[in-house]
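*Asks:* Adding 1137 to a residue's 1-based position in the sequence shown gives its number in this note's numbering.
Positions of the beta carbon are idealized from the N, C-alpha and C atoms, including for glycine.
Below is the structure I would like to discuss, written out as structure tokens.
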Amino acid sequence: MDSILDAERYDQINIALFLSMIRRNFILICVFAIAMAIVGCVIAYTTPKKYMAESVIAPVVDDTKSGVLGELGGLAAFAGVNVNSSSQVKKHLAIMDSLSFHQYFIKKYKVKKYIYDECWDKQQKAWVDACALAVPSDLDAARLFKEKINIRQDKAGMVFVSLKLTSPEIAVKLVNEFVNAVNQYFLEKAKQESEGSIKYFKDEISKTNEKEIKEMLYRLMEREMQTQKLHERRKSYAFEIVDKAFMPKLPVSPNRKLIIMFFTMLGIFFGVIISFVRENLPNQGKVHK
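Okay, here's the thing in structure tokens:
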């Protein structure tokens, strides 16, 4: 019981000594807090603002290849026709996030100047002298853009494409054009696949003499032609735009209040540590003597 009371008194004494030390060094702690708060203000107000543009898109399930293709799944798969919608969505997302697609986007939509905005002279419409001798390649631009853009899918299946840049106008432009490029890319690929499938069916029809097989091939080829026409009319081939990117009103970073608060607390912490060291070093010196 006595030991518990002694421990409580010891804790009370330590707290009292600590508060006494804070009072004696209050000015020093305040100086550190103010100095670090000023540093925080400088960092917070010199860090460039970044704005985020975001577009929401939904995967389009292509059901035009069901029906007849479902009945003839083996032959359709052999011809290169995939009837699995789930794997198709995963494939589309993987290609969207690939370096090759980003390079396709950079080259086809000529957006390298927006990615390297600081190196592009908008009035002269040319690279500035500092960058003119070493203009980034499409591959370098694709790598940089891949690092900046964020593509994620939520549990409901919705896909979010977002980009943070110092220029809100460029961020909005790049996100919207990126989404358009996704649909354009997969539409071009679908056309190529359809043309290859139709050619395959024609070749197989000319090779076989079996009436039933010819009828199946004709049905497949007719269905593929119908699908090709539907794809040409549809703007949203792989993803439907639920919400396009709009001009952001406020920046997402830096959080100036948080930065200033953090540096102020850091200053108080340093002030307390310095005060503790100042008050204890002389005492330790006396003990050693």
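If we call anything under 9 angstroms between Cβ atoms a contact, is Tyr-1188 one with Leu-1302?
*Replies:* For this step, residue 1188 is matched to residue 51 along the sequence shown. For this step, residue 1302 is matched to residue 165 along the sequence shown. It is a contact, given that the beta carbons lie within the stated cut-off.
*Asks:* In terms of alpha-carbon separation, which member of Asn-1417, Glu-1416 and Ile-1405 lies closest to Ile-1166?
*Replies:* Counted from its first residue, the sequence shown places residue 1166 at position 29. For the residues Asn-1417, Glu-1416 and Ile-1405, the minimum Cα distance to Ile-1166 belongs to Ile-1405.
*Asks:* Going by C-alpha to C-alpha distance, which of Lys-1326, Ala-1190 and Ser-1331 sits closest to Asn-1287?
*Replies:* Along the sequence shown, one-based indexing puts residue 1287 at 150. Comparing Cα-Cα distances from Asn-1287 to each of Lys-1326, Ala-1190 and Ser-1331, the minimum goes to Ala-1190.
*Asks:* I need the straight-line Cα distance from Leu-1236 to Lys-1285, nearest angstrom please.
*Replies:* Along the sequence shown, one-based indexing puts residue 1236 at 99. Along the sequence shown, one-based indexing puts residue 1285 at 148. In this structure, the straight-line span from the alpha carbon of Leu-1236 to that of Lys-1285 is close to 13 angstroms.
*Asks:* Considering Pro-1196, what are the terminal residues of the beta strand (DSSP E) in which it resides?
*Replies:* Counting from 1 along the sequence shown, the entry for residue 1196 is found at position 59. Counting along the chain, the beta strand (DSSP E) containing Pro-1196 begins and ends at 1188-1196.
*Asks:* Please state whether DSSP places Val-1220 in a helix, a strand or coil.
*Replies:* Along the sequence shown, read from residue 1 onward, the residue named residue 1220 stands at position 83. Any reading at Val-1220 is ruled out, since the residue's pLDDT is 47, under 50, leaving its predicted position unreliable.
*Asks:* Are the Cβ atoms of Asp-1283 and His-1239 separated by less than 9 angstroms?
*Replies:* Taking the sequence shown and counting its residues from 1, one reaches residue 1283 at position 146. Taking the sequence shown and counting its residues from 1, one reaches residue 1239 at position 102. It is worth fixing the name first, because residue 1283 is Lys in this sequence and not Asp. Contact flag set, yes.
*Asks:* Please report the distance separating the alpha-carbon of Val-1319 from that of Glu-1349.
*Replies:* Position 182 of the sequence shown, counted from the first residue, corresponds to residue 1319. Position 212 of the sequence shown, counted from the first residue, corresponds to residue 1349. Roughly 39 angstroms separates the two Cα atoms.
*Asks:* Does DSSP put Asn-1151 in a helix, in a strand, or in coil?
*Replies:* Within the sequence shown, the letter at position 14 stands for residue 1151. Asn-1151: helix per DSSP, three-state reduction.
*Asks:* Less than 9 angstroms between the C-beta atoms of Thr-1184 and Pro-1391, yes or no?
*Replies:* Start at 1 with the first residue of the sequence shown, and residue 1184 comes out as number 47. Start at 1 with the first residue of the sequence shown, and residue 1391 comes out as number 254. Yes, Cβ-Cβ distance for Thr-1184 and Pro-1391 is below 9 angstroms.
*Asks:* Rounded to whole angstroms, what's the CA-CA distance from Arg-1280 to Val-1179? Just pull it up for me.
*Replies:* As a first step, residue 1280 must be located in the sequence shown, where it is residue number 143. As a first step, residue 1179 must be located in the sequence shown, where it is residue number 42. The alpha-carbon atoms of Arg-1280 and Val-1179 are separated by roughly 32 angstroms.
*Asks:* Less than 8 angstroms between C-beta atoms, sequence neighbours within five positions excluded: which residues of the same chain meet that for Gly-1408?
*Replies:* As a working mapping, residue 1408 is identified with position 271 in the sequence shown. Close CB contacts of Gly-1408 within its chain, under the 8 angstroms cut and outside five residues either way in sequence, are with Asn-1162, Leu-1165, Ile-1166, Cys-1167, Val-1168, Phe-1169 and Ala-1170 (chain order).
*Asks:* With distances taken between CB atoms, is the gap from Asn-1298 to Phe-1323 smaller than 9 angstroms?
*Replies:* Position 161 of the sequence shown, counted from the first residue, corresponds to residue 1298. Position 186 of the sequence shown, counted from the first residue, corresponds to residue 1323. Here residue 1298 turns out to be Val, not Asn, going by the sequence shown. No, the pair does not count as a contact, with Cβ atoms beyond the cut-off.
*Asks:* May I ask you to report which of helix, strand or coil DSSP gives Glu-1279?
*Replies:* Locating residue 1279 in the sequence shown gives position 142, counting from the first residue. For the record, residue 1279 in the displayed sequence is Ala; it is not Glu. The answer is helix: DSSP assigns Ala-1279 an H, G or I state.
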